[in-house]
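As structure tokens, the structure follows; a few thoughts come after it.
Numbering (this note's numbering), first residue to last: 4 to 121.
Below, the structure is given as structure tokens:
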């Protein structure tokens with residue numbers, strides 16, 4: 004049974020940094036792509052970063068200079084570091100997993116709230 008548990012969200016001042024964690028169980032990173040998504044109020048959920056089963060990384064262009072995705076195979080945890088936080092980064096951040104042969108993310112965490120204050 005795959006479970007994803009996010010942590011690390013909170014209230015942060017603009018310009019600060021945050022590292023979100025996604026602890027995964029029931030899967031192996033060698034067989035799964037992992038993604039970080041976010042959804043702000045009134046907006047659609049969007050993918051912000053992805054790390055593939057073979058460790059290839061993708062960050063959406065609008066945040067590539069501030070977001071970093073990484074993983075720890077021993078801890079079975081995926082991280083999303085956000086630097087130079089902006090007000091528009093406020094959202095619920097969720098991690099998700101999909102088997103390497105799939106196009107759709109099948110498993111989702113409950114999400115963690117990130118609120119950026121001025």
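Virtual Cβ for every residue (Gly too), placed ideally from N, Cα, C.
94 is the residue among 109, 94 and 110 whose C-alpha sits nearest the C-alpha of residue 14. Per the C-alpha coordinates, the member of 52, 43 and 4 positioned closest to residue 84 is 52. About 17 Å separates the beta carbons of residue 107 and residue 27, which is beyond the 8 Å limit, so they are not a contact pair.
For residue 70, the enclosing beta strand (DSSP E) covers residues 70–75.
Proximity to residue 54 across 66, 102 and 37 peaks at 37, based on C-alpha coordinates. As DSSP reads the structure, residue 109 sits in no beta bridge. For residue 91 and residue 76, the gap between their C-alpha atoms comes out near 31 Å.
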